[in-house]
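2 protein chains.
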Amino acid sequence: MKPLGARSIAHDPVIRRLNALCALDDQAIAALHDELNRTFSVRSRQELLHEGQEILRCMLVVRGWAARTRCVEDGRRRIINVVLPGYLVGYPGLKRGLASSTVVAITDVLLCTAPDSSVSPALAKAYAISRALDEAHLLGQITRLGRLNAQERIQDLLLELLERLELGGLAREGRFTIPLTQEMLADALGLTPVHVNRMLQQARQAGELSWHGGQVVLHDPKAIRRKVGRLKVRVSRPLI
Amino acid sequence: MKPLGARSIAHDPVIRRLNALCALDDQAIAALHDELNRTFSVRSRQELLHEGQEILRCMLVVRGWAARTRCVEDGRRRIINVVLPGYLVGYPGLKRGLASSTVVAITDVLLCTAPDSSVSPALAKAYAISRALDEAHLLGQITRLGRLNAQERIQDLLLELLERLELGGLAREGRFTIPLTQEMLADALGLTPVHVNRMLQQARQAGELSWHGGQVVLHDPKAIRRKVGRLKVRVSRPLI
DNA sequence: CGATCCATTGATTCTTATCAAAATAGGTGG
DNA sequence: CCACCTATTTTGATAAGAATCAATGGATCG
C-alpha cells in the first residue's frame, strides 16, 4: 500500500474533494488510494451511463468532465448538469438501481470504483453530502433557468463551476480550465449558441470575465455572486 | 386496529399512491392507518419546512397541496415543484437532515408522520421509489424550463400533475382539481402571469383544455404527450 | 359595501431565436 | 512545415416570443 499523508490528500482532486466534504480517516484514504490504482477510462463523447440502464456499481470520476443529459426525441439533448472530478456516478450503497439520466463524457474521463461506504463512516458521510450537494445543484439549475436572464445564467453557472472545482483544488482565484464549448453551455442554459457567444463578449467587454483557449477567469467572483443573488452552497453540514 | 381491506386501500390517496408505487403488505397498511389517525394540519400559506431548517421527522402529505420553493433575495419566490397527497416531506430514515428548500402550503394541508421504513420492506421500497420519482420530476422540470416554449411548458406541467394525481386516484379522464393560481403556475414555469393567461386562453380556444373554477380538464392527454414529447414516468421499477 | 385577490385585455418594449455566412482555431496527414 | 479538414467562434440581419406597464372586470370575504 502507498504511504499516506497530507501530501497525497492535497494532490488528488478526488480525495481532496471528498475530504473537504467530510474529513476522511485513514481507512477511507487507504480504500480510495487502493481504487485509484485501478482506474479505467472512457473516451470523450462516449456514454458512462444510459438512461434506464442498470447501474452495477457506483463510480468516482477521477479526471475529466462529464455531463448528465436527457435525450430527447428530436435528436437534441439537454444538459442537466456537469459531473466533475471527485463526483459520484451512480448511487452509493445501492445495487441494481436504474439510471435516471444519461451521462456522457465531455473530455476523456478517468474513473474508478467508489469504495463501499462500509469501509468508513467518514466516507459514508462524504458520499451523503456529495449526493445532497448534487440535489442542491439541481435546484440551482431550476432557479437559474426559471429566474435569470441570459447574461446572469451564464455567470451564475460559471460561478457554480468555480465553486465546485475549488473543492477539488481545480480552480483558484476565479480561474479554471473549462472543456465546454459555447454550444454545450447553451444546451445547459436553454439558450442558443449564438446568444451565448454574444453575452460572453458583452461580459468580456464589461471586464467581468475572460474566456480564451479553454481558460476561464472570473475577475470578481464576489461581485458576480452579489449581482446574480447567488448563495454559496454550504458544505460544512449535510444539506439533507 | 381498524379492519383492513381493499376498500380502505382504494379510498385513501396516501395508501393508494404508495400501494401503486409498491404493493403494500398488511404491516405497512396497518402502520399507515395508525398514523392517519393522528394527523395535524398546516394552514394555507404557512411553511411546512424552511430552507436550512433541521428536519426532525419525515412526514406524509395526507390532503392538500404544497410547493417546494427557493426563496430569493428580491422577495420573489421560485416554485421548484409541487407536493401532492401521498408525497413525502423530508427524508425517510434520516435523522437531523437539513431542508434543501422551503416547503409552503398552497392549500390547507393535512399531514401525518411517515411510518418508519423498518415496519415493512414494501413500505421502504415505496419510499425509495417515491424519492426516485421526485428526482425524476426535478429533471423533468429542468427539461421543461430549458427546452419548451410557454405553451408547451404549461401543457407539460399540467400533464405531469395529471399523471401524478392519477396515482393517488385524485384525477380521472384528464380531469382534476387544481388549487394553483395562474401566478403560481407562472412562478413554476419561469413566465409572467400575464403570459400564462394568454397561453391558457389560446389552449382553450384550440380546444386542448379547459380550466374554470379550479377544475382542469385535458381533453386529449395522449395528444398533448405526443406534442410536447413527454415520456410517461415509469413506476413499475425504481428509477434509481 | 369596500377591500382584496384573481383573471383578463391592450399597447409597447426588450430579449432571445432564427437564418445565413464568414472568420478562426485545432487537428491530421502528407 | 504546410495544406486541408472539421469544429468552433464570431458577425449581421430579421423575426418571434415573452416581459412590462397599465388598467378593467369578476369574484369572494369580512
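Chains as they are written, first to last, in our numbering: chain A, 316 to 555; chain B, 316 to 555. Beta carbons are placed, not taken as given, at the ideal position from N, Cα and C, and that holds for glycine. Note that the structure is a prediction, hence the values are computed from the model and not measured.
Check: Are the CB atoms of Pro400(A) and Leu474(A) within a distance shorter than 9 Å?; Outcome: no
Check: Please confirm whether Val387(A) has its beta-carbon closer than 9 Å to some beta-carbon of chain B.; Outcome: yes
Check: On the DSSP bridge list, what partners appear for Asn396(A)?; Outcome: Arg383(A)
Check: Measuring alpha carbon to alpha carbon, tell me which of Gly529(B), Ile370(B), Thr422(B) ends up nearest Leu357(B).; Outcome: The identity of residue 357(B) in the sequence shown is Val, whereas the question assumes Leu. Nearest option by C-alpha distance: Thr422(B).
Check: Report yes or no: do the region 429-445 of chain A and the region 328-346 of chain A share at least 3 C-beta pairs separated by less than 8 Å?; Outcome: yes
Check: Does the beta carbon of Thr496(B) sit closer than 9 Å to a beta carbon anywhere in chain A?; Outcome: no
Check: Do the CB positions of Leu480(B) and Val418(B) come within less than 9 Å of each other?; Outcome: no
Check: As an exercise, report each continuous beta strand (DSSP E) stretch of at least 3 residues that is fully enclosed by the region 467-517 of chain A, in chain order.; Outcome: 490-492
Check: Could you tell me the distance, in whole angstroms, from the CA atom of Lys542(A) to the CA atom of Ala486(B)?; Outcome: 43 Å
Check: For the beta strand (DSSP E) containing Ser525(A), name the first residue and the last one.; Outcome: 524-527
Check: Tell me the rounded alpha-carbon separation between Val329(B) and Leu495(B).; Outcome: 21 Å
Check: Looking at His348(B): is its Cβ nearer than 9 Å to the Cβ of Ala414(B)?; Outcome: no
Check: In angstroms, rounded to a whole number, what distance separates the CA positions of Leu448(A) and Asn464(A)?; Outcome: 24 Å
Check: At what residues does the alpha helix (DSSP H) containing Glu350(A) begin and finish?; Outcome: 341-351
Check: Kindly list, in the order they appear in chain A, the residues whose Cβ is closer than 7 Å to that of Gly461(B).; Outcome: Arg393, Leu460, Gly505
Check: Report the three-state DSSP secondary structure of Cys421(A) (helix, strand or coil).; Outcome: Looking at the sequence provided, one finds Ile at residue 421(A) rather than Cys. The answer is coil: DSSP assigns Ile421(A) none of H, G, I, E or B.
Check: So what's Val550(B) in DSSP terms, helix, strand or just coil?; Outcome: Because the pLDDT at Val550(B) is just 42, under 50, the model does not fix this residue reliably, and the value given afterwards should be weighed accordingly. Coil, per DSSP.
Check: Can you check whether the CB of Leu375(A) is closer than 9 Å to the CB of Leu403(A)?; Outcome: yes
Check: Does Gln361(B) have its Cβ less than 9 Å from a Cβ in chain A?; Outcome: no
Check: Glu478(B) CB to nearest chain A CB: under 9 Å?; Outcome: no
Check: Under three-state DSSP, which class holds Leu371(A)?; Outcome: coil
Check: Go ahead and pull the three-state DSSP assignment for Glu366(A).; Outcome: coil
Check: Helix, strand or coil for Arg322(A) per DSSP?; Outcome: Low local confidence applies: a pLDDT of 47 at Arg322(A) is under 50, so the model's placement there is unreliable, with the coordinate-based value given in what follows. Three-state DSSP puts Arg322(A) in a helix.
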